[in-house]
Structures are given as C-alpha cells and as structure tokens.
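A.B. asks: Here UniProt numbering is used: the first residue of the sequence shown is 1, the next is one more, and so on. I'd like to ask you about the structure that follows.
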Amino acid sequence: MDISMNELKIVESELGIDLDILLGAIEEALLHAYNRAPGAIRGARIELNRSTGVVTVWAPEEDEEGNVIGEFDDTPGDFGRIATSTARSIIAQRLRDAESARILGDFQGKQGKIVAGTVDSSAHSSNESRDFFVELGENRGLLRAEEQVATEHFKHGDLIRALVLDINVGPRGASIRLSRSHPDFVRELFATEVPEIEAGVVEIVALAREAGHRSKVAVWSNDPTVAAKGSCIGPNGHRVRAVTQELHGEKIDIVDYDDDIALFIAAALSPAKVTRVDILNCDTRQARAIVPDDQTSLAIGKEAQNVRLAAKLTGWSIDIRKESEDTRGAHSEG
C-alpha cells in the first residue's frame, strides 16, 4: 500500500476537503515527479486506487509505427516512498491553506483592494515610529510611515480607508500591509466611485502620483458613446470630488488618453494649454511642448511638479518652451 487512505479520509472529515480533489492533487504531483525521473515515458498517467491506496504509473505501449496499442506498468521501484512523501506534502499544504482561510476569514482576496478600519495608534509598532495599526474586523493591518501621506494625520479611533498591499499568513497569524500613498489607492478609489470603470467600459490607462499633492489620471473608453473623462468627473463633479475628499484635498487632473503621443502629452500637461507638441526623438522618447507665454509657469508647475507628473504619466521626457522662445532657455523634465 503506497498511500494511507485512512489518513486522507481523516483530512477530508476534519478539513471538509473533498477526497477526490485531494487525490487529484496528489496524482498531479506524482505525475510531475515521474516526468522528472530519468527514462520517464511521455504520455504516462497516474492511477491511485481509491480503495487500496496503491499508486501505479501506466505508460503508453506503442507498435513499430508509433501507434498506441495499450498500456504497461512503468512504476519506478522507489515510487512507494515518493508517493508517501508527496501525499504528506500535499496534506501539509492543504492544512496550511485551511489555517490561512481560518485566520483570514472574509479577508481573503482583498489584496489590491481598499478596506476600511479603525486607527489603533495605541499599538504602534515601536515607540518612535509613525507606523500604526488599523483594526479590520477580526484582522489588523499595518500602515507604515512610508506608506502614509505626509500631509495626513490620524488619531486613535479615526475611521480610515487604505489599499491592501499584501497579505501573509505565518505562525503568528495574518500580516496585512496597507498603504494610502500608493498610486493604486487612487486607482481603486476611482473604481469605487465610477461604475463605468467597474464595468470595464472606462479604463485607467496610466496614473502618476505625488501623494498628498497631485495625481494625474489618464483614462480611455472602449465605448464611443461613453466619455471617459466625463464619467470620472461625474455629474456636477461629484465623483472626482469624492476621491479628492478621501485624499484630503489632493489635486487630481483627469485627462483623455490618446494613442497619438503628441496629443497625449498635450493633455497630460493639463491644466496648462498647449499650442503644439513636437516629437524630437521616438527612440529616446523626447518631446517638446510649445505653450503660450502666459501658460509657461502653469505647464511647468510649482517646483516643476506639473511637467514632472506629465512625464511620469506619458513615459516621455518633456521640454517646455514659450511661443516667443527659440531653442534656448528651456525647462525640461524626464
């Protein structure tokens, strides 16, 4: 007997795992082990007897012309040991999966999504750190200082929303890392507020963010009857306003994505008006934007923030020039 069926039935009973699913996983792992062995025959299959636990490798038998005419037993001599080891490994993994499911409960599948909780500043990860924990029902997430927005301040008991960066389950329980500064936090906020994004009609193609200050969001619609930018702004601006309020006043520029890079760059420099965009070098992704003289400061932005975010959004280095200028005296950002 290669595998103890009694052990598997106990696992089925205690964990609620269907025996056929467990056996299928073991057979798949054993086939992988057989195929890695020297002399393995292509097209073999594993048979695990549901009554006795005996494992057999059946390999195809071919005639002189390569036609399959039957099967023969090609079970390696030490396959009983391999089968036992593999079964125990699969069971152990299933036990870990079950424990993870028990610990996380309804929290499974939340990675990359926004969750809401309560600030527990009394449980700082260290006395001198700005890190704090967030109570999330039966679980607790950690919002480290580097994942916070410098302009935001929370106190114990505040309600807070954050993006789930990753989830790990270890011997001490679940470790959930949160962020409010990650660009995807803005992306998910829009997905929450804009039904067209959730439905897949409107897509956020690119997003650049300097958390706490400004975000630029490039959107596109696969339905010509749906305006991507208008959908994200919403009636009377209430959708984008809801996102801005959650971000405590962070400015948001929503622009239309365009496959024509010159048009996309011009849009990315919003709220500045752009006269034209010249493509200088496609290989090095360099472009020059010509703007009216009175729009130069707006195009560049305070501390070059606007042109810097436009460069991040488009992936191009952008050189800003006044209409009255020649090739001298430019400000660029890449």
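All residues carry an ideal CB built from backbone N, CA and C; glycine is no exception.
Taking only the alpha-carbon atoms, compute the straight-line gap between residue 11 and residue 53 and give it to the nearest angstrom.
C.D. replies: 15 Å
A.B. asks: Determine the direct distance from the alpha carbon of residue 201 to that of residue 143, and round the result to whole angstroms.
C.D. replies: 32 Å
A.B. asks: What residues are listed by DSSP as bridge partners for residue 168?
C.D. replies: Per DSSP, 175.
A.B. asks: Going by alpha carbons, who is nearest to residue 251 out of 229, 59, 215, 225?
C.D. replies: 215
A.B. asks: Using CA coordinates, which residue listed in 158, 151, 152, 147 is at the minimum distance from residue 397?
C.D. replies: The structure shown has nothing for residue 397, since the chain only spans 1 to 334.
A.B. asks: Assuming contact is defined by CB atoms lying nearer than 9 Å, are residue 203 and residue 221 in contact in what I supplied?
C.D. replies: yes
A.B. asks: Exposed or buried, what is residue 312 when buried is set at 16 or more other beta-carbons lying within 10 Å of its beta-carbon?
C.D. replies: buried
A.B. asks: Which word fits residue 188, buried or exposed, when buried means at least 16 other C-beta atoms lie within 10 angstroms of its C-beta?
C.D. replies: buried
A.B. asks: Tell me where the beta strand (DSSP E) around residue 322 begins and ends.
C.D. replies: 317-322
A.B. asks: Looking at the secondary structure, which residues open and close the alpha helix (DSSP H) in which residue 56 lies?
C.D. replies: Premise fails: residue 56 lies in the beta strand (DSSP E), 55-62, not in any alpha helix (DSSP H).
A.B. asks: Spatial neighbours of residue 31 within its chain, please: CB distance less than 6 Å, with the 5 preceding and 5 following residues excluded, ordered by chain position.
C.D. replies: 46
A.B. asks: What whole-angstrom Cβ distance do residue 291 and residue 273 have, given they're in contact under 8 Å?
C.D. replies: Yes, residue 291 and residue 273 are in contact; Cβ-Cβ is about 7 Å, under 8 Å.
A.B. asks: Which one of 283, 181, 281, 87 has the shortest CA to CA distance from residue 246?
C.D. replies: 181
A.B. asks: Could you check how far apart the C-beta atoms of residue 310 and residue 268 are, in whole angstroms? I think they sit under 8 Å.
C.D. replies: 4 Å
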